[in-house]
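What follows is a short report on a single structure.
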Amino acid sequence: MYQEVILDHYKNPHGRGLRDGDAEVHHVNPTCGDEITLRVKYDGTTIRDVSYEGQGCSISQASASVLNDLLVGKELADARQIQETFLELMQSKGKIEPDDAMEEILEDAVAFAGVSKYPARVKCALLSWMAWKDATAQALGGADAERKTA
Amino acid sequence: MYQEVILDHYKNPHGRGLRDGDAEVHHVNPTCGDEITLRVKYDGTTIRDVSYEGQGCSISQASASVLNDLLVGKELADARQIQETFLELMQSKGKIEPDDAMEEILEDAVAFAGVSKYPARVKCALLSWMAWKDATAQALGGADAERKTA
Amino acid sequence: MPGLLDTEAIRKDFPILDRQVHDGKKLVYLDNAATSQKPRQVLDALSEYYERYNANVHRGVHVLAEEATALYEGARDKVAEFINAPSRDEVIFTKNASESLNLVANMLGWADEPYRVDAETEIVITEMEHHSNIVPWQLLAQRTGAKLKWFGLTDDGRLDLSNIDEIITEKTKIVSFVLVSNILGTVNPVETIVRRAQEVGALVCIDASQAAPHMPMDVQALQADFVAFTGHKMCGPTGIGVLWGRQELLEDLPPFLGGGEMIETVSMHSSTYAPAPHKFEAGTPPVAQAVGLGAAIDYLNSIGMDRILAHEHAITEYAVKRLAEVPDLKIIGPTTAEDRGAAISFTLGDIHPHDVGQVLDEQGIAVRVGHHCARPVCLRYGIPATTRASFYLYSTPAEIDALVEGLEHVRNFFG
Amino acid sequence: MPGLLDTEAIRKDFPILDRQVHDGKKLVYLDNAATSQKPRQVLDALSEYYERYNANVHRGVHVLAEEATALYEGARDKVAEFINAPSRDEVIFTKNASESLNLVANMLGWADEPYRVDAETEIVITEMEHHSNIVPWQLLAQRTGAKLKWFGLTDDGRLDLSNIDEIITEKTKIVSFVLVSNILGTVNPVETIVRRAQEVGALVCIDASQAAPHMPMDVQALQADFVAFTGHKMCGPTGIGVLWGRQELLEDLPPFLGGGEMIETVSMHSSTYAPAPHKFEAGTPPVAQAVGLGAAIDYLNSIGMDRILAHEHAITEYAVKRLAEVPDLKIIGPTTAEDRGAAISFTLGDIHPHDVGQVLDEQGIAVRVGHHCARPVCLRYGIPATTRASFYLYSTPAEIDALVEGLEHVRNFFG
Ligand SMILES: Cc1ncc(COP(=O)(O)O)c(C=O)c1O
Ligand SMILES: Cc1ncc(COP(=O)(O)O)c(C=O)c1O
Numbered sequence: 000m001y002q003e004v005i006l007d008h009y010k011n012p013h014g015r016g017l018r019d020g021d022a023e024v025h026h027v028n029p030t031c032g033d034e035i036t037l038r039v040k041y042d043g044t045t046i047r048d049v050s051y052e053g054q055g056c057s058i059s060q061a062s063a064s065v066l067n068d069l070l071v072g073k074e075l076a077d078a079r080q081i082q083e084t085f086l087e088l089m090q091s092k093g094k095i096e097p098d099d100a101m102e103e104i105l106e107d108a109v110a111f112a113g114v115s116k117y118p119a120r121v122k123c124a125l126l127s128w129m130a131w132k133d134a135t136a137q138a139l140g141g142a143d144a145e146r147k148t149a
Numbered sequence: 000m001y002q003e004v005i006l007d008h009y010k011n012p013h014g015r016g017l018r019d020g021d022a023e024v025h026h027v028n029p030t031c032g033d034e035i036t037l038r039v040k041y042d043g044t045t046i047r048d049v050s051y052e053g054q055g056c057s058i059s060q061a062s063a064s065v066l067n068d069l070l071v072g073k074e075l076a077d078a079r080q081i082q083e084t085f086l087e088l089m090q091s092k093g094k095i096e097p098d099d100a101m102e103e104i105l106e107d108a109v110a111f112a113g114v115s116k117y118p119a120r121v122k123c124a125l126l127s128w129m130a131w132k133d134a135t136a137q138a139l140g141g142a143d144a145e146r147k148t149a
Numbered sequence: 000m001p002g003l004l005d006t007e008a009i010r011k012d013f014p015i016l017d018r019q020v021h022d023g024k025k026l027v028y029l030d031n032a033a034t035s036q037k038p039r040q041v042l043d044a045l046s047e048y049y050e051r052y053n054a055n056v057h058r059g060v061h062v063l064a065e066e067a068t069a070l071y072e073g074a075r076d077k078v079a080e081f082i083n084a085p086s087r088d089e090v091i092f093t094k095n096a097s098e099s100l101n102l103v104a105n106m107l108g109w110a111d112e113p114y115r116v117d118a119e120t121e122i123v124i125t126e127m128e129h130h131s132n133i134v135p136w137q138l139l140a141q142r143t144g145a146k147l148k149w150f151g152l153t154d155d156g157r158l159d160l161s162n163i164d165e166i167i168t169e170k171t172k173i174v175s176f177v178l179v180s181n182i183l184g185t186v187n188p189v190e191t192i193v194r195r196a197q198e199v200g201a202l203v204c205i206d207a208s209q210a211a212p213h214m215p216m217d218v219q220a221l222q223a224d225f226v227a228f229t230g231h232k233m234c235g236p237t238g239i240g241v242l243w244g245r246q247e248l249l250e251d252l253p254p255f256l257g258g259g260e261m262i263e264t265v266s267m268h269s270s271t272y273a274p275a276p277h278k279f280e281a282g283t284p285p286v287a288q289a290v291g292l293g294a295a296i297d298y299l300n301s302i303g304m305d306r307i308l309a310h311e312h313a314i315t316e317y318a319v320k321r322l323a324e325v326p327d328l329k330i331i332g333p334t335t336a337e338d339r340g341a342a343i344s345f346t347l348g349d350i351h352p353h354d355v356g357q358v359l360d361e362q363g364i365a366v367r368v369g370h371h372c373a374r375p376v377c378l379r380y381g382i383p384a385t386t387r388a389s390f391y392l393y394s395t396p397a398e399i400d401a402l403v404e405g406l407e408h409v410r411n412f413f414g
Numbered sequence: 000m001p002g003l004l005d006t007e008a009i010r011k012d013f014p015i016l017d018r019q020v021h022d023g024k025k026l027v028y029l030d031n032a033a034t035s036q037k038p039r040q041v042l043d044a045l046s047e048y049y050e051r052y053n054a055n056v057h058r059g060v061h062v063l064a065e066e067a068t069a070l071y072e073g074a075r076d077k078v079a080e081f082i083n084a085p086s087r088d089e090v091i092f093t094k095n096a097s098e099s100l101n102l103v104a105n106m107l108g109w110a111d112e113p114y115r116v117d118a119e120t121e122i123v124i125t126e127m128e129h130h131s132n133i134v135p136w137q138l139l140a141q142r143t144g145a146k147l148k149w150f151g152l153t154d155d156g157r158l159d160l161s162n163i164d165e166i167i168t169e170k171t172k173i174v175s176f177v178l179v180s181n182i183l184g185t186v187n188p189v190e191t192i193v194r195r196a197q198e199v200g201a202l203v204c205i206d207a208s209q210a211a212p213h214m215p216m217d218v219q220a221l222q223a224d225f226v227a228f229t230g231h232k233m234c235g236p237t238g239i240g241v242l243w244g245r246q247e248l249l250e251d252l253p254p255f256l257g258g259g260e261m262i263e264t265v266s267m268h269s270s271t272y273a274p275a276p277h278k279f280e281a282g283t284p285p286v287a288q289a290v291g292l293g294a295a296i297d298y299l300n301s302i303g304m305d306r307i308l309a310h311e312h313a314i315t316e317y318a319v320k321r322l323a324e325v326p327d328l329k330i331i332g333p334t335t336a337e338d339r340g341a342a343i344s345f346t347l348g349d350i351h352p353h354d355v356g357q358v359l360d361e362q363g364i365a366v367r368v369g370h371h372c373a374r375p376v377c378l379r380y381g382i383p384a385t386t387r388a389s390f391y392l393y394s395t396p397a398e399i400d401a402l403v404e405g406l407e408h409v410r411n412f413f414g
């Protein structure tokens, strides 16, 4: 499960650190103590920045780094598609073998495919993505944003 | 376990029916609903009568009949010895093979030796004996009689 | 006899049914309402679990822990499907049906409105409940001041629902009743009771301990709020029970036992709880037993619950007919096979059930005698106890014949 | 290494220890504080029970019921002897240690004076308790208004008893603490705490879940009022726990769960309860699991608890020494083998325990990572989680070596 890509992101996280944002959330995985504080900055519906600070295992840390890579600069609708695709992959219990289409969407994040076989670790991989979704809902007006995602 | 003697006592109980007494007790075995009402009549320390009425299984009914046979007319001290010997036999889990000395004391009651192998039935066999002990304690002054038995 | 299963094949799966007792007497096991026997498939699942996968479940990252967790949670999936639960998260593993019923009673005692049982409210049960569906409610009533009410019984062993509107009222918070009586065999009219309970907004808890082993179960069709049953009566191991509850209720109701597994986060000052079902599963769960119950469900499904029901119905019909031939035998409970399960209680003249049971036992026939943990039923019918023969998927007409012959012997013996 | 058992012979009794994981890696099972593996003798006892004797216990008059009851009650005798209980009637079978602890908490909440826990009184625990000895008391405090107090920890992982007279006071009704910590490995000074509790007339409950499997137990020497432990950690099956309690207390205290088996007589209006231990065992008990626990006790006795203790002490001493050689490794808890059990928690530099555990697992080494159901300890030491290696009678020095090598690999991997 520890793909080279994951280890690289873990050792050299991209975009780490808290910067200016429209909303901030703090998410915790109580079973292992993984924590993340995450801020989003929007420019209309364009994601200007996702900044974060956290502690946790390599999977949760690398996943936040990959998220930053993937989402910054994207339109909200595209970001949503990426988030949903990643969620689908992580919930696949190892049964999805990412194809070219998925790789196109997820880029480095396909390296997490192996993690989906480990139920105890799936939550780690999803921590920052759930935080991002939550922060986005706050930044753009909760209920409304939520409804579109559902 | 159903010795001929037991069946005989069950079919033709000795001394059944309630007669005049110094004390009356009512004992119940809640697990199977066996019940007995028992009265004792003393003449000093001589047992003049043990009368009873009850419902229950053959073992509890036959045991009351045997008790009546064995105890009526006895001195209290002798009756106590009989009661204790019977108790010992019933608690032996089938491990005591009654010898001549025991047979001398227990007479027909040795037929219950086989019952001691059946934990669920031991209580049935003891029901009337416990009732007698209790009634005696009441008739002759509780605490005092109790202490001597202990 | 139409509807019978291939018991010759089925009995090969149950090692204990080959046993001989009392120096060579073939065992005739007619005590299935007390507990069922276990097929080899279940014993193999237990052994395999311990020999290959045993680990504590949840939160482990090593192979055994992942595998044990998958097996344990897989058993939950099997139970959910078996009872047609809308969600697997509605299936709580307990140690037996008694714990399941106590869990419901305690949750309601500690609940907030609108579920809270207190001195202003009423609890409804019936006179044919197993002690495990009486005592928890008596305790709850004592502890909260709530009033305990119950449905009485008709002379032919059915619920007397003639006064249903007086028994179940606006004050009623919970109605808890047995689907199939373990002593009378009666199958109760769920719909009538549920409809009235819903009218007044009361919750409904169904004790399905004698139903789940014997007939297809559909908790959605029952329209109950809680359904309890127990593993050991349905070919599963001892030490495992189930409580199914509606999701919103499980979300809203407070936990019962506290400890490992049921928490979300703990500090010395306060704790928060995991979502259901884990909220109600404190401590290391009966992991192997859940796996065994899963294997039992697979086994029952492989035969088919419909076919098991049909088999038992045929056997019960035959038993009712044959028992009617025994002089002085009186069935306590419905005297036909209509709306009745495969447990038949009876008295035999004046012969005490203990004696009936013991003499049957000497012939290798295992029945249960006593009040069957339903003493109010004995009180109702003015009897100290009954003898009960109860059947399962491996019971045969020949075993009924053996019972009837055995009873003749009992009569001669004490005649 | 002196004191070691003949692990080569012992390991042959445990089928799972032969297992290979991750394509041919030998399993190195170092997660014994979570659950132990089971010897063949226990699995055979389970199978034999189900294949020959299975029946519901108590009150049956047929052979199987008598035999099953004798086996179940025989297991109680074995447990009583194992812990040197003055009477077998003081041994209550539960589903796990968590239920045992909840049972005590609930009895005290419903008790009359002098035992009653209410808003005027205090409950004392410690900061190193397992969640199963925290949450039941938090719930009791919430439900009764009692105040919950606790002993803190010293930097080296021991109880800070410096303020014992302020913590345990005249208001204290119950002091509940762990004999051996499952996360720190600390063995606690029972005598000091019991003496103070007795001074103020408080009851003492000891969580012996991590002690009973590993050392001779003597409840009389402990002078506690209640002792709880769990079967699956001591070579027994899942689904069975024990609560030992002093006889007078068990007589005086009210029941907890209601149902079959725990009653003396039931009517719709009221019920009376059986004497202990049955008063506290509602419903069909975990019969097979008790029999399995009895077989586990026979197995442990055949080796000798003294010798198991010596073996684990030697292994722990070796482990502490070898782990000290791993750079950046920090033991959380006592750093020597003095007054400590065979569970060692540690952190490894900045590498998250989840990563440590996962990479060890890839080498076949099973350890546990997380807060080990003792989150307050992690909070106390300011760490999110630990990696824990824990040993048992079949653990070998070679397995410690494998762990140390595995940790080197982890460091290189994330280095
Ligand atoms: C110290 C301690 N107490 C209590 C428990 C709870 O035991 P169980 O999960 O079997 O209820 C455990 C084990 O998990 C433990 O280590
Ligand atoms: C109708 C009914 N309810 C509840 C129970 C209790 O089940 P358990 O003893 O497994 O808790 C039983 C069985 O004994 C039963 O027959």
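As they're listed, the protein sequences go chains A, B, C and D. All letters in the first sequence, in the order written, are residues 0 to 149 by numbering that gives the first Met the number 0. All letters in the second sequence, in the order written, are residues 0 to 149 by numbering that gives the first Met the number 0. All letters in the third sequence, in the order written, are residues 0 to 414 by numbering that gives the first Met the number 0. All letters in the fourth sequence, in the order written, are residues 0 to 414 by numbering that gives the first Met the number 0. From the three backbone atoms N, C-alpha and C, an ideal C-beta is built for every residue, glycine too. Because the structure is a prediction, the values reported are computed rather than measured.
Among the residues of the region 340 to 355 of chain D, those with a Cβ less than 7 Å away from any Cβ of chain A are 351, 353 and 354, in the order of the chain.
When DSSP states are grouped into helix, strand and coil, residue 162/C belongs to the coil group. About 17 Å separates the CB atoms of residue 258/D and residue 179/C; that is not less than 8 Å, and the two are not in contact. For residue 16/D, none of the residues of chain C pass the 9 Å Cβ criterion, the least Cβ distance being about 10 Å.
DSSP places residue 50/A inside the beta strand (DSSP E), whose first and last residues are 45 to 54. In summary, residue 17/A is exposed, with fewer than 16 beta-carbon neighbours lying within 10 Å of its beta-carbon over all protein chains present. The region 318 to 335 of chain D makes no contact with the region 161 to 170 of chain D; the number of CB pairs closer than 8 Å stays below 3.
Inter-segment contact for the region 112 to 125 of chain C and the region 136 to 148 of chain C is present: three or more beta-carbon pairs are separated by less than 8 Å. Residue 28/A is bridged by DSSP to 33/A.
Contact check between the region 218 to 234 of chain C and the region 94 to 110 of chain C: three or more CB pairs, one atom from each, fall below 8 Å, which counts as touching. Per DSSP, the continuous beta strand (DSSP E) segment holding residue 121/C begins and ends at 121 to 125. The region 50 to 59 of chain D makes no contact with the region 64 to 80 of chain C: fewer than 3 CB pairs, one atom from each, lie closer than 8 Å.
In the DSSP annotation of this structure, the continuous segment of the beta strand (DSSP E) that includes residue 204/C starts and ends at 202 to 206. Residue 341/D and residue 26/C have their C-alpha atoms roughly 48 Å apart. Secondary structure at residue 345/D: strand, using DSSP grouped into helix, strand and coil. Taking C-beta separations shorter than 6 Å and ignoring five residues to either side along the sequence, the partners of residue 68/B in its chain run 13, following chain order. Within the same chain, and ignoring the five residues on either side of residue 74/C in sequence, the residues whose Cβ sits closer than 7 Å to its Cβ are 289, 290, 292 and 293. When distances are taken from the beta-carbon of residue 288/D to the heavy atoms of ligand 2, even the shortest one reaches 7 Å or more. Of the residues 314/C, 48/C, 346/C and 343/C, the one whose Cα lies closest to the Cα of residue 5/C is 314/C. The criterion of a C-beta distance shorter than 8 Å is not satisfied by residue 172/C and residue 140/C. Taking C-beta separations shorter than 6 Å and ignoring five residues to either side along the sequence, the partners of residue 206/D in its chain run 132, 177 and 227, following chain order. Between the region 26 to 46 of chain A and the region 101 to 110 of chain A there are fewer than three inter-stretch CB-CB distances shorter than 8 Å, so the stretches are not counted as touching. Those residues of the region 31 to 61 of chain C placed with their C-beta closer than 9 Å to a C-beta in chain A are 57, 58, 59 and 60, ordered along the chain. Residues of chain C whose Cβ lies closer than 9 Å to the Cβ of residue 119/A are, in chain order, 57, 58, 59, 60, 64, 65 and 68. With a cutoff of 7 Å, residue 365/D does not count as near ligand 1, since its C-beta is closer than that to no heavy atom of the ligand.
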